[in-house]
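K.L.:
Chain order of the listed sequences is A and B.
One point on numbering: in the working numbering, the residue at position 113 of the first sequence is 113, and numbering is uninterrupted.
One point on numbering: in the working numbering, the residue at position 251 of the second sequence is 516, and numbering is uninterrupted.
Protein chains: 2
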Amino acid sequence: MVSDGTGITAETFAHSILAQFEMRFRQIRVPFVDSVDKAYETAQRINEMYRTENVRPIIFSTLVDARANEILRNCQGVILDMFQTFIEPLEQELNLKSMHAIGRVHQNADSEAYKNRIEAVNFSLAHDDGQSNKNLQSADVILVGVSRSGKTPTTLYLAMQYGVKAANYPLIPDDFEREKLPSTLDQYKDKIFGLSIDPQRLSEIRNERRPGSKYASLENCRYEVNEAEAMMRREGIKWLSSTHKSIEEIATTILQEIKLERDVY
Amino acid sequence: MVSDGTGITAETFAHSILAQFEMRFRQIRVPFVDSVDKAYETAQRINEMYRTENVRPIIFSTLVDARANEILRNCQGVILDMFQTFIEPLEQELNLKSMHAIGRVHQNADSEAYKNRIEAVNFSLAHDDGQSNKNLQSADVILVGVSRSGKTPTTLYLAMQYGVKAANYPLIPDDFEREKLPSTLDQYKDKIFGLSIDPQRLSEIRNERRPGSKYASLENCRYEVNEAEAMMRREGIKWLSSTHKSIEEIATTILQEIKLERDVY
Numbered sequence: 001m002v003s004d005g006t007g008i009t010a011e012t013f014a015h016s017i018l019a020q021f022e023m024r025f026r027q028i029r030v031p032f033v034d035s036v037d038k039a040y041e042t043a044q045r046i047n048e049m050y051r052t053e054n055v056r057p058i059i060f061s062t063l064v065d066a067r068a069n070e071i072l073r074n075c076q077g078v079i080l081d082m083f084q085t086f087i088e089p090l091e092q093e094l095n096l097k098s099m100h101a102i103g104r105v106h107q108n109a110d111s112e113a114y115k116n117r118i119e120a121v122n123f124s125l126a127h128d129d130g131q132s133n134k135n136l137q138s139a140d141v142i143l144v145g146v147s148r149s150g151k152t153p154t155t156l157y158l159a160m161q162y163g164v165k166a167a168n169y170p171l172i173p174d175d176f177e178r179e180k181l182p183s184t185l186d187q188y189k190d191k192i193f194g195l196s197i198d199p200q201r202l203s204e205i206r207n208e209r210r211p212g213s214k215y216a217s218l219e220n221c222r223y224e225v226n227e228a229e230a231m232m233r234r235e236g237i238k239w240l241s242s243t244h245k246s247i248e249e250i251a252t253t254i255l256q257e258i259k260l261e262r263d264v265y
Numbered sequence: 266m267v268s269d270g271t272g273i274t275a276e277t278f279a280h281s282i283l284a285q286f287e288m289r290f291r292q293i294r295v296p297f298v299d300s301v302d303k304a305y306e307t308a309q310r311i312n313e314m315y316r317t318e319n320v321r322p323i324i325f326s327t328l329v330d331a332r333a334n335e336i337l338r339n340c341q342g343v344i345l346d347m348f349q350t351f352i353e354p355l356e357q358e359l360n361l362k363s364m365h366a367i368g369r370v371h372q373n374a375d376s377e378a379y380k381n382r383i384e385a386v387n388f389s390l391a392h393d394d395g396q397s398n399k400n401l402q403s404a405d406v407i408l409v410g411v412s413r414s415g416k417t418p419t420t421l422y423l424a425m426q427y428g429v430k431a432a433n434y435p436l437i438p439d440d441f442e443r444e445k446l447p448s449t450l451d452q453y454k455d456k457i458f459g460l461s462i463d464p465q466r467l468s469e470i471r472n473e474r475r476p477g478s479k480y481a482s483l484e485n486c487r488y489e490v491n492e493a494e495a496m497m498r499r500e501g502i503k504w505l506s507s508t509h510k511s512i513e514e515i516a517t518t519i520l521q522e523i524k525l526e527r528d529v530y
């Protein structure tokens, strides 16, 4: 995976293609190939591998610079070149020349969008686990759910990836006894989204933290999950089960459900 | 950006290509297109846009299913199809048929690798800002630097993206007076990596949090940064300046520098 930047795009590219093959691949990321010299060095490294292992390395390239690209294309690997492949047809369609400029793939650290992401991460940390009610009105979404249902990683992912300010509140036995959501949340009903989880799985997760505790017992987990789901139904809160979902899938669903999808950039 | 999964790959793909054009694009993510019906619906939506706006939509597709793909290819957008384009040459090279299986792009939430990532996120949260010395021996990396130099978002990114267990410790005036690293860290010297930052930028960041404080003053920021850099030099700690770097760039550099790059998956 050869890139002139961090290699994150090349890596996403490679993983998505390779996942389609029932085969294990040794993966090497070569980031910051941002000069002709480094391109030569990389090409030599690839040729060397080909000689010693007698298997053609598969190269996922996102190099933008034409000269560096030319050098890499002449190595003995199989080149899958994302830019070359798609930029030319797009230039024709748009009737516009691309910039072939290095390092434009990711947000610049000085950009507004980047600053928003970092601000969102700080917001999510400050509003983790119901820690603070301050500035809750500026939250884009407030996740609720029982302890260990996946709220924290999801809020951090939403913040880091999308600049979404996400707070999260635990639903605890106190709330179930009162049969009410934490009162702070009353005025933010339209921002709330719920996570639930299979009690069996919850019990496993909690047992890793506090083995043998009442908190982790299957019985207690069943009680909490039942109560939380009943409350969310009663309050008309949209929710999903996090049991078999990755944070990427949970985050994507939340963005769709609460219409946070930002379609203009 | 049309995907049968979360659309994260399609989005990364689109952003990296579009960033090469000096033009603003309205971007719409259409995730979970995992049936023939949804493919029809998406194709119709694209055709409708073409009719109303009279501009051919550009479609970044990562659909895997052959029938869904066929439907999309017959719409009136410009189709840039990552799978179709790269999977066939790879099948030939590997002499192996791909699975054309939906939803294989991202880690399954039940996989070991995914669990490691979530465990790493929990580790990073528990070891944020020197909060805990417990299990520090299982950290992959320990970031040090003055308050607000970018340690927290970086540790979270390393955890979330790479499953790297990253702790972080602030360097504070007490440490500068003693002219020593926090003593807890003595035995983990080889895991330490430093972040520094331009004092001017640091002062701006701190002023957003505590306007007009001594903590945020340029004079104090200069003092802390000078002392921290002197300490890192004295202790032989590798470090970088986070001033103009994104968390993606910082994380990539750290992985390279401390040889955390995992090249076998």
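Glycine is no exception: its CB is placed at the ideal position from the N, C-alpha and C atoms.
Cutting at 6 Å between CB atoms, please list the residues of its own chain near Ala-126/A, excluding the five before and the five after it.
P.N.:
Taking the first sequence and counting its residues from 1, the one referred to as residue 126/A is at position 126. Cβ within range, chain order: Ser-132.
K.L.:
If you compare alpha carbons, which of Asp-269/B, Leu-421/B, Gly-410/B and Pro-435/B is closest to Gly-395/B?
P.N.:
Indexing the second sequence from 1 puts residue 395/B at position 130. Checked all of Asp-269/B, Leu-421/B, Gly-410/B and Pro-435/B; the closest Cα to Gly-395/B is Pro-435/B.
K.L.:
Note down the Cα distance separating Asp-263/A from Ser-241/A, rounded to an integer number of angstroms.
P.N.:
The residue given as residue 263/A occupies position 263 in the first sequence. The residue given as residue 241/A occupies position 241 in the first sequence. The predicted model places Asp-263/A with a pLDDT of 42, which falls under 50 and marks its position as unreliable; any figure quoted below should be read in that light. About 26 Å.
K.L.:
Using a Cβ cut-off of 9 Å (strictly closer), state whether Ser-414/B contacts chain A.
P.N.:
Residue mapping note: residue 414/B aligns to position 149 of the second sequence, counting from 1. False, the Cβ-Cβ gap to chain A never drops below 9 Å.
K.L.:
Between the C-alpha atoms of Thr-419/B and Val-225/A, what's the straight-line distance to the nearest angstrom?
P.N.:
Working through the second sequence from its first residue, we reach residue 419/B at position 154. Working through the first sequence from its first residue, we reach residue 225/A at position 225. About 33 Å.
K.L.:
Taking C-beta to C-beta, are Phe-60/A and Val-2/A nearer than 9 Å?
P.N.:
For the purposes of this step, residue 60/A is taken as the residue at position 60 of the first sequence. For the purposes of this step, residue 2/A is taken as the residue at position 2 of the first sequence. Cβ distance < 9 Å, so Phe-60/A and Val-2/A count as in contact.
K.L.:
How about Asp-528/B: is its C-beta nearer than 9 Å to some C-beta of chain A?
P.N.:
If you number the second sequence from 1, residue 528/B lands on position 263. Reliability fails at Asp-528/B, whose pLDDT of 42 lies under 50, so the model's placement of it is uncertain and the value that follows must be treated cautiously. At least one chain A Cβ lies under 9 Å of Asp-528/B.
K.L.:
With a threshold of 9 Å between beta-carbons, can Thr-508/B be considered close to chain A, or not?
P.N.:
Residue 508/B sits at position 243 when you count from the first residue of the second sequence. Contacts with chain A at 9 Å (Cβ-Cβ) include Thr-508/B.
K.L.:
Output, in chain order, the set of chain D residues within a Cβ distance shorter than 8 Å of Tyr-379/B.
P.N.:
Here chain D cannot be found, since the structure's protein chains are A and B.
K.L.:
Step through the CB atoms of chain B and report whether any lies within less than 9 Å of the CB of Leu-80/A.
P.N.:
Here residue 80/A refers to the residue found at position 80 of the first sequence. So yes, Leu-80/A belongs to the interface.
K.L.:
For the candidate residues Pro-322/B, Arg-294/B and Ala-516/B, whose alpha-carbon lies nearest to that of Leu-255/A?
P.N.:
The residue you call residue 255/A lines up with position 255 of the first sequence. If we check each option's Cα against that of Leu-255/A, Arg-294/B comes out closest.
K.L.:
For chain B, is any of its Cβ atoms less than 9 Å away from the one on Ser-196/A?
P.N.:
In the first sequence, the residue the question calls residue 196/A occupies position 196. So no, Ser-196/A is outside the interface.
K.L.:
In the structure shown, what three-state DSSP assignment does Arg-206/A receive?
P.N.:
On the first sequence, residue 206/A is found 206 positions in, with the first residue counted as 1. The answer is helix: DSSP assigns Arg-206/A an H, G or I state.
K.L.:
By DSSP, does Leu-143/A sit in helix, in strand, or in coil?
P.N.:
Within the first sequence, the letter at position 143 stands for residue 143/A. Here Leu-143/A sits in strand by DSSP.
K.L.:
Near Arg-201/A, which residues of its chain fall below 7 Å by C-beta distance, leaving aside the five closest residues on each side in sequence?
P.N.:
Position 201 of the first sequence holds residue 201/A. Hits under 7 Å: Thr-243.
K.L.:
Taking the runs of the beta strand (DSSP E) that are 3 residues or longer, which of them lie wholly in the segment 25-66 of chain A?
P.N.:
58-61
K.L.:
Could you pull the DSSP bridge partners for Val-429/B from this structure?
P.N.:
The count along the second sequence starts at 1 and reaches residue 429/B at position 164. Partner(s): none; Val-429/B has no beta bridge.
K.L.:
Compare the beta carbon distance of Met-280/A and Val-121/A with 9 Å and say whether it is the shorter of the two.
P.N.:
Not covered by the structure: residue 280/A. The range shown for chain A is 1 to 265.
K.L.:
Leaving out the 5 sequence neighbours to the left and right, which residues in its chain are closer than 7 Å to Arg-67/A when beta-carbon positions are compared?
P.N.:
For the purposes of this step, residue 67/A is taken as residue 67 along the first sequence, with counting starting at 1. Same-chain partners within the cutoff: Val-36.
K.L.:
May I have a chain-ordered list of the alpha helix (DSSP H) segments no shorter than 4 residues that lie completely inside the segment 345-406 of chain B?
P.N.:
Listed in chain order, they are 347-359 and 377-391.
K.L.:
When you compare the CB positions of Lys-330/A and Asp-140/A, do they come within less than 9 Å of one another, or not?
P.N.:
In this structure chain A extends from 1 to 265, so residue 330/A is not present and cannot be described.
K.L.:
Let me check understanding here. Comparing Cα to Cα, which of Arg-51/A, Lys-214/A, Gln-44/A and Ser-147/A lies closest to Cys-75/A?
P.N.:
For the purposes of this step, residue 75/A is taken as the residue at position 75 of the first sequence. Checking every option, the nearest Cα to that of Cys-75/A belongs to Gln-44/A.
K.L.:
Work out the CA separation of Glu-41/A and Arg-51/A for me, nearest whole Å.
P.N.:
Counting from one through the first sequence, the residue named residue 51/A turns up at place 51. Counting from one through the first sequence, the residue named residue 41/A turns up at place 41. Their backbone Cα atoms lie some 15 Å apart in a straight line.
K.L.:
Residue ranges of each alpha helix (DSSP H) run of no fewer than 4 residues wholly in the segment 445-530 of chain B, ordered along the chain?
P.N.:
464-474, 483-500 and 512-522
K.L.:
Which residues bound the alpha helix (DSSP H) around Phe-278/B?
P.N.:
Walking along the second sequence from the start, residue 278/B turns up at place 13. In the DSSP assignment, Phe-278/B falls within the unbroken alpha helix (DSSP H) covering 273-283.
K.L.:
Nearest by alpha-carbon distance to Val-329/A: which of Ser-203/A, Ala-19/A and Trp-239/A is it?
P.N.:
Residue 329/A is absent from the structure shown; chain A starts at 1 and stops at 265.
K.L.:
Is Gly-428/B close to chain A? Criterion is C-beta to C-beta, closer than 9 Å.
P.N.:
For this step, residue 428/B is matched to residue 163 along the second sequence. Not one chain A Cβ lies under 9 Å of Gly-428/B.
K.L.:
Rounded to a whole number of angstroms, what is the C-alpha to C-alpha distance between Val-329/B and Leu-423/B?
P.N.:
One-based indexing of the second sequence puts residue 329/B at position 64. One-based indexing of the second sequence puts residue 423/B at position 158. Looking at the two C-alpha atoms, the distance is approximately 29 Å.
K.L.:
Which residues in the same chain as Ala-493/B place their Cβ atom closer than 7 Å to its Cβ, once the five residues preceding and following it in sequence are excluded?
P.N.:
Within the second sequence, residue 493/B is the residue found at index 228, counting from 1. Here the set comprises Gly-410, Val-411, Leu-436 and Ser-461.
K.L.:
Identify which residue in Cys-486/B, Arg-289/B, Ile-311/B and Leu-345/B has its Cα closest to the Cα of Phe-278/B.
P.N.:
What you label residue 278/B is simply residue 13 of the second sequence in a count that begins at 1. Of the candidates Cys-486/B, Arg-289/B, Ile-311/B and Leu-345/B, the one whose C-alpha sits nearest the C-alpha of Phe-278/B is Leu-345/B.
K.L.:
Rounded to whole angstroms, what's the CA-CA distance from Ile-142/A to Lys-191/A? Just pull it up for me.
P.N.:
Within the first sequence, residue 142/A is the residue found at index 142, counting from 1. Within the first sequence, residue 191/A is the residue found at index 191, counting from 1. C-alpha separation (whole angstroms): 6 Å.
K.L.:
Judging by CA-CA distance, which residue of Glu-514/B, Glu-484/B and Asp-440/B is the nearest neighbour of Ala-495/B?
P.N.:
Here the question's residue 495/B lines up with position 230 in the second sequence. Comparing Cα positions, the closest option is Asp-440/B.
K.L.:
What do you get for Gln-285/B, buried or exposed, if any count of 16 or more other CB atoms within 10 angstroms of its CB means buried?
P.N.:
As a position in the second sequence, residue 285/B is number 20, starting the count at 1. The residue in question, Gln-285/B, is buried, as its Cβ has 16 or more Cβ neighbours within 10 Å.
K.L.:
Could you list which residues in chain B have their beta carbon closer than 8 Å to that of Gln-20/A, in chain order?
P.N.:
Reading the first sequence from its first residue, position 20 is the one you call residue 20/A. Under the 8 Å cutoff, chain B gives Val-329, Phe-348, Ile-352, Ser-363, Met-364, His-365, Ala-366 and Arg-369.
K.L.:
Go through its chain and collect everything with a Cβ distance to Asn-116/A's Cβ below 6 Å, but skip five positions before and after it.
P.N.:
Here the question's residue 116/A lines up with position 116 in the first sequence. Excluding residues within five positions, the ones whose Cβ falls inside 6 Å are Gly-163.
K.L.:
Classify Arg-475/B: buried if its beta carbon has 16 or more other beta carbons within 10 angstroms, exposed otherwise.
P.N.:
Here the question's residue 475/B lines up with position 210 in the second sequence. Classification of Arg-475/B: exposed, given that the 10 Å Cβ count is below 16.
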